[in-house]
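Which chain is which? The protein sequence lines are H and G, in order.
Going by our numbering, the first sequence opens with residue -16, and the numbers climb by one from there.
Going by our numbering, the second sequence opens with residue 3, and the numbers climb by one from there.
Note that the Cβ used here is the ideal one computed from N, Cα and C, for glycine as well.
What follows is a single structure, written as structure tokens, with notes after it.
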Amino acid sequence: MDCNKIEQIIVEVLTNAASDSDVEIVRLHLSECSICREQFMPMLAMNKTFSIIKQHEIPAVFDERFRQKLLAQKITSELSPALKFIVEIFGTNIRFAIISIVGALLSVFSPIESLINIYQWNIIPTFLLIISLLIITFIIKQSFNWNTLIFYRRKNV
Amino acid sequence: MTDEQLAQQITEGNREAFHELYERHKKGIYNFALRFLLDKNLAEDAAHNVFLLVFEHIYQFDFRKGKFTTWLYSITYHECCKMRKRNKKFSRLGDGEEEIKNESNYDYNDAIDLERAMLRLPEIYRLPIVMTKLHGLTSAECASTLGISETNVKQRVFRAFKILKEYYNIR
């Protein structure tokens, strides 16, 4: 058989698409043609070796971390639109979100209120300031992936 | 029970079916993500996201259009692409390659050498070979996942074998 045709059949063999008769044709041709044997035998040997490559074990905490993410997603999906917006801004870390809300409330009702009194600020610019801070936080969160940043830092330490 | 039947059961609200699907595919999806991203942490995140997406969008799966595995690997491929794009700025992907290589869960040298060589392949050749040779996808399924033609998949696999052969010759 023509060596070019054998190459086409070899491609089928390597992609697990060859029939038994194709495999037999290849075997016969390789036993006769030294050029093809030299070219394709290493590939066929590698093809066999692929079947003994083992899968890597998943990390021990894989399931637990997934369970946490699933739970976080469930909680997020059950939130009211307003709370969902807050979680969108601060991520699915609920504790962080709650602390942030409390912090925002405190900042509105105590120190900023006193600043308003001292500097005679109007409440509307203050409110706009808080909203713009929230938007900046949102933009930063969208631009950065904090987890990766932490991993990156660890790698470079 | 087949994957497609389990998927059908999930849409009917059977959570046990999702657990069964997760247990069946978690290792495969993690390994695919690992061999794509070459980073254990990113691979874990990607695999988790894949299952979250599957759980969320399972009603979009139409078993008349294709196998569940093809749909699952398609989601994994796109999630890995997204993950790589998102992390490009901060991490040099490929650092984890050494980590993967150094895992000694083999007792056969040829397999270790072959996997090392495979991890060095450019992505366009690595992915088709990982899908077809290590995850048992057919070239048609692989083509559908990667959004290329079946002929193109076969050409890339053949080219990958040629590169691997050259690597062995140099060594």
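- Under the Cβ distance rule, G/Ser151 does not count among the residues neighbouring chain H, no pair being separated by less than 9 Å.
- Sixteen is the threshold: since fewer than 16 other Cβ atoms of the shown chains lie within 10 Å of the Cβ of H/Ala43, the residue is exposed.
- If you look at H/Ala1, you'll find it isn't in any alpha helix (DSSP H); DSSP assigns it neither H nor E.
- Looking only at G/Glu25, G/Ala9, G/Thr140, G/Ala49, the smallest Cα-Cα distance to G/His59 is reached by G/Ala9.
- With its beta carbon at least 9 Å from every one in chain G, H/Ile114 lies outside the interface.
- Assignment of G/Leu139 by DSSP, reduced to helix, strand and coil, places it in the coil class.
- Ranked by Cα distance from G/Glu22, the first of G/Phe63, G/Glu6, G/Tyr32 is G/Glu6.
- Within chain H, no residue has its CB atom less than 7 Å from the CB of G/Val52, the nearest being about 10 Å off.
- Against G/Leu148, chain H offers no close residue; the least beta-carbon distance is about 13 Å (beta-carbon pairs closer than 8 Å).
- If you look at G/Ala35, you'll find it in the alpha helix (DSSP H) that goes 17 to 39.
- G/Leu166 places its beta carbon less than 9 Å from that of G/Met120.
- For G/Thr72, the three-state secondary structure derived from DSSP is helix.
- For G/His59, the enclosing alpha helix (DSSP H) stretches over residues 42 to 59.
- Restricting attention to G/Tyr127, G/Tyr32, G/Lys156, G/Thr147, the CA atom closest to the CA of H/Lys37 is found in G/Tyr32.
- Taking G/Ser151 as the centre and dropping the five residues before and after it, the same chain places the C-beta of Ala145 closer than 8 Å to its C-beta, in chain order.
- Judged by their CB atoms, H/Phe33 and G/Lys164 are not nearer to each other than the 9 Å cut-off.
- Annotation: G/Val56 has no Cβ neighbours in chain H at a cutoff of 7 Å; minimum Cβ distance is about 11 Å.
- At the C-beta level, G/His27 and H/Arg48 stay beyond 9 Å of one another.
- Scanning the segment 8 to 57 of chain H for uninterrupted alpha helix (DSSP H) segments of 4 residues or longer gives 17 to 33, listed from N- to C-terminal end.
- Shown here, G/Met3 sits in coil according to DSSP, grouped into three states, outside any helix or strand.
- For H/Arg20, the closest C-alpha among the options H/Glu(-10), H/Asp5, H/Ser2 is that of H/Glu(-10).
- Between G/Tyr24 and H/Phe45, the alpha-carbon positions lie close to 12 Å from each other.
- Taking a beta-carbon distance threshold of 9 Å, H/Asn(-13) does not count as an interface residue toward chain G.
- Any Cβ of chain G closer than 9 Å to the Cβ of H/Phe110 would place that residue at the interface, and such an atom is absent.
- With contact defined as three or more Cβ pairs closer than 8 Å, the segment 20 to 30 of chain H and the segment -4 to 9 of chain H are in contact.
- When DSSP states are grouped into helix, strand and coil, G/Arg66 belongs to the coil group.
- The C-beta distance from G/Tyr127 to G/Arg161 rounds to 6 Å, short enough to meet the 8 Å contact threshold.
- Residues of chain G whose Cβ lies closer than 7 Å to the Cβ of H/Val(-6) are, in chain order, Lys156, Phe160.
- G/Lys156 is classed as buried because its beta carbon has at least 16 other beta carbons within 10 Å across all chains shown.
- Secondary structure of G/Glu14 (DSSP, three-state): coil.
- Under a criterion of Cβ atoms nearer than 9 Å, no residue of chain G is adjacent to H/Ala1; the nearest Cβ is some 11 Å distant.
- Against chain G, a Cβ distance below 8 Å from H/Arg48 picks out Glu46, His50.
- Spanning the alpha carbons of G/Leu36 and G/Ile77 requires a straight line of approximately 15 Å.
- For G/Pro124, no alpha helix (DSSP H) segment is defined, and its DSSP state is neither H nor E.
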